[in-house]
Amino acid sequence: AQRVTQPEKLLSVFKGAPVELKCNYSYSGSPELFWYVQYSRQRLQLLLRHISRESIKGFTADLNKGETSFHLKKPFAQEEDSAMYYCALRGGSYIPTFGRGTSLIVHP
Amino acid sequence: DTEVTQTPKHLVMGMTNKKSLKCEQHMGHRAMYWYKQKAKKPPELMFVYSYEKLSINESVPSRFSPECPNSSLLNLHLHALQPEDSALYLCASSQDGTIGIQYFGAGTRLSVL
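Line by line, the protein sequences are chains A and D.
If you're matching positions, the first sequence starts at 2 in the working numbering and goes up one per residue.
If you're matching positions, the second sequence starts at -16 in the working numbering and goes up one per residue.
Encoded structure:
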């Protein structure tokens, strides 16, 4: 079975502060991990995937197989980063499993 | 064109109505998906079509009936829905069922009265 855990339902920070959205997963094989973002009234869109190892909008995420984590980080949060963030895992079934989501609010 | 288009954007229907949601993509993707999303919750998978064949049905009630007329189109036929079916219905597509990232449509916001 595959499972994705996002422990924080809500994360509230001030502009310019560092942000870390946590994601832990459970899967026995080699998973593919993603971060999706859903801005208010916009479509769900891919932010990052672990195999790309790239930085998008200042966000990075590293797959840590030892800790089974794929935390999303940004050194300096911006107000426009306020959104719902979903961590997702794709394993042997090829169908992504989504975490419950973390709502990020960045205050001015 | 990397877009998945869903129509209508909003739909209000009574419990005795029959309506359909439509999804279209022209990226040559061979896997298409229907999800249901309640407010502040993750998308819940309903159906997966792979190469125009239904490959996954996540025990969805029969009042929801999917259809894939061709590789670019996906429909969701609705009949005798309940108020608890009110939600955002999302369509997504990917290169095929095993590879590629999912591209999501903007969704149809459905209200059942």
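Glycine included, each C-beta is placed from N, C-alpha and C at the ideal position.
In this text, all values refer to a predicted model and were calculated from it rather than measured experimentally.
No Cβ-Cβ contact shorter than 9 Å links Pro44(D) with Asn58(D). With a 10 Å radius around the Cβ and a threshold of 16 neighbouring Cβ atoms, Asp82(A) comes out buried. Shown here, Pro109(A) sits in coil according to DSSP, grouped into three states, outside any helix or strand.
Not a single CB atom of chain D sits nearer than 9 Å to the CB of Pro8(A).
Listed in chain order, the positions of the region 35 to 46 of chain D with a beta carbon within less than 8 Å of a beta carbon of chain A are Ile39. Taking the Cα positions, Asn0(D) is about 36 Å away from Cys88(A). Among the residues of chain A, those whose CB is under 8 Å from the CB of Pro25(D) are Tyr87, Phe99, Gly100, Arg101, Gly102, following chain order. Neighbours of Ile96(A) across chain D, judged by C-beta separation under 7 Å: Leu28, Val31, Ile39. Residue-level contact by beta carbon holds for Leu73(D) and chain A, with a gap shorter than 9 Å. Between Leu90(A) and Leu49(A), the CB-CB gap reaches or exceeds 9 Å. Put simply, of Tyr34(D), Met15(D), Ile84(D) the residue whose alpha carbon is nearest the alpha carbon of Leu28(D) is Met15(D). DSSP, read as helix, strand or coil, puts Pro66(D) in helix.
Per DSSP, the beta-bridge partners of Gln(-11)(D) are Cys6(D). By the Cβ-count criterion, Gln39(A) is buried, with 16 or more other Cβ atoms from all chains shown falling within 10 Å of its own Cβ.
Cβ atoms of Tyr37(A) and Arg4(A) stay farther apart than 8 Å, at about 17 Å.
Taking a Cβ-Cβ threshold of 8 Å, the residues of chain A close to Gln85(D) are Leu47, Pro97, in chain order.
Chain D has no Cβ within less than 9 Å of the Cβ of Phe15(A).
Lys36(D) sits exposed, since fewer than 16 C-beta atoms from the chains shown fall within 10 Å of its C-beta.
Taking every protein chain shown into account, the CB of Ile96(A) has 16 or more other CB atoms within 10 angstroms, so this residue is buried.
Under the Cβ distance rule, Gly11(D) does not count among the residues neighbouring chain A, no pair being separated by less than 9 Å. For a Cβ distance threshold of 7 Å, nothing in chain D lies close to Arg54(A): the least Cβ distance comes to about 15 Å.
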